[in-house]
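Just so we're aligned: the sequence shown equals residues 179 to 467 in this note's numbering. Don't be surprised by glycine CBs; every beta carbon is placed ideally from N, CA and C. Bear in mind that the values here come from a model prediction, so they are computed numbers and not experimental data. Below is one structure, written out as structure tokens, with a few remarks after it.
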Amino acid sequence: MKTCSICGNQNCPASFSKEIFLFFKCPNCGFIFVDTAHINLADYYNNPIYLHDNEGRGYVDYEADKAPMFSVYTNLLKKIQSHNLGRRLLDLGTANGYFLDVAARSGYLAEGIDLNASSVEEGRFRGRKITQGDLLSASFSPESFDVITAFDFFEHLPQDKLADNAGAIRKLLAANGTLAIITVNTASWWARIFGTKWHTWLPPEHISYFNNRNIKLFLENNKFDILEIRTIHKTFSLQYIFNFLYRYQRIFIWRWITLFLERFPALGTFALKLYLGDNMLILARKQAN
Ligand SMILES: [Zn+2]
């Protein structure tokens, strides 16, 4: 039995396993987490091939794979602006900082932070302002950002670090600052239909799994007011999708398609919007101290 860091329930049983990783589910709030006691996550994120990997881990080519997200991100920034006109933005888990360029084009003074040294180096080479390291030990000035974005970020954190990260975000946000989160939703139909076969169970990358109710509890416990929670649909390149399928299912036809698409980049970067409904967007506002 483990203790749930979201609601404090001390009797969370093991629910299922994947490879060597054991998933626990809180019977009270539904939060699902992986036991990471025996895993050194830093080793994993410092893997230099994370952004360029043809063996089905991470991203094939992060820059090309993220490009289809441009319009999704631009619309999201418009939504954030309807709540907050501040322009200082910090992007957590920014990788090589593709999103920073999108934010800059929407008028933001954007910078990012990421653990992975090689992706940070690549982003800097592309002229982006990125700090390498962990948010919890970073030396940003308090209240120096109006907006903090955490896209595909919280699922990567061990559950015992969630509250610390929320606290660090609060400290960095100016009064009434906005936190924008995109994460997977375990209460979505897609997740429920596939159960333990859901493609998002990806330890040790994904280790903390919220739903649309317990993320509200988590944010309110950490002094944020929820502005909105809704489903968000992501757009991916065909190359990303097939490489992902290969990684997940190890069926060689997906690998052959990926290799075929690499020979025809224009085709491989063709974008497909996936209406799976298993990602959620949460906009929250920092409560007054
Ligand atoms: Zn719980």
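Span separating the alpha-carbon of residue i from that of residue j
i    : j    : result
G234 : N399 : Residue placement at G234 is poorly supported in this model, since its pLDDT is 44, which falls under 50; the coordinates are not used for a value here.
D312 : N187 : 28 Å
K203 : R441 : 43 Å
R283 : N189 : 48 Å
S386 : P336 : 6 Å
F277 : F388 : 23 Å
N232 : L357 : Below a pLDDT of 50, predicted positions are generally treated as unreliable, and N232, at 45, falls in that range; the measurement from the model is reported next regardless. C-alpha separation (whole angstroms): 33 Å.
Q427 : I217 : 24 Å
V238 : N467 : With a pLDDT of 48 at V238, under the threshold of 50, the predicted position of this residue should be treated as unreliable, though the coordinate-derived value follows. Distance between the alpha carbons of V238 and N467: 43 Å.
L314 : T378 : 26 Å
S296 : D330 : 19 Å
A281 : S260 : 15 Å
K394 : G345 : 15 Å
K464 : G355 : 5 Å
L229 : K244 : Its pLDDT being 49, under 50, L229 is placed unreliably by the model, and nothing is read from it.
I326 : I347 : 7 Å
W434 : Q417 : 11 Å
S319 : L350 : 7 Å
G264 : A352 : 9 Å
L439 : F430 : 14 Å
R370 : G455 : 11 Å
F372 : T364 : 11 Å
A328 : L461 : 10 Å
V362 : E383 : 13 Å
Own chain, CB closer than 6 Å to residue i, minus 5 neighbours either side, in chain order
i    : result
R266 : L287, F323 and D324
W432 : F420, L423 and Y424
K180 : C190 and F202
G290 : D269, T272, G275, L278 and I308
L459 : I360, R408 and I410
A192 : L200 and F202
V250 : T413
Ligand 1 heavy atom lying under 7 Å from the CB of residue i
i    : result
N206 : yes
N187 : yes
F388 : no
I385 : no
I407 : no
I468 : Here the chain comprises residues numbered 179 to 467, so residue 468 is not present and cannot be evaluated.
I404 : no
F209 : yes
I460 : no
I393 : no
I419 : no
I184 : yes
Span of the beta strand (DSSP E), counted from its first residue to its last, around residue i
i    : result
S317 : No beta strand (DSSP E) contains S317, which DSSP labels as neither H nor E.
I482 : In the structure displayed, the chain extends from 179 to 467; residue 482 sits before or after that span and is not available.
I308 : I308 to Q310
K412 : K412 to S415
R463 : N457 to K464
L263 : Run containing L263: none; DSSP gives neither H nor E here.
Contacts around residue i, its chain only, beta-carbon distance under 8 Å, and the 5 residues preceding and following it disregarded
i    : result
E197 : P381
S183 : F209, F211, Q337, D338, L340 and A341
Terminal residues of the alpha helix (DSSP H) in which residue i lies
i    : result
E300 : A295 to F303
D154 : An answer regarding residue 154 cannot be provided, because it is not within the stretch 179 to 467 covered by the chain.
E289 : It is not in any alpha helix (DSSP H) - E289 instead sits in the beta strand (DSSP E) that spans L287 to D292.
I258 : F248 to Q259
D279 : Y276 to R283
D403 : Taken as a continuous stretch (DSSP letters only), D403 belongs to no alpha helix (DSSP H), being part of the beta strand (DSSP E) at F402 to T409.
R348 : L340 to L350
Close Cβ partners of residue i (< 7 Å) along its chain, the five nearest in sequence each way excluded
i    : result
A316 : I291 and T309
L255 : A281 and S284
P246 : T413, F414, S415 and A449
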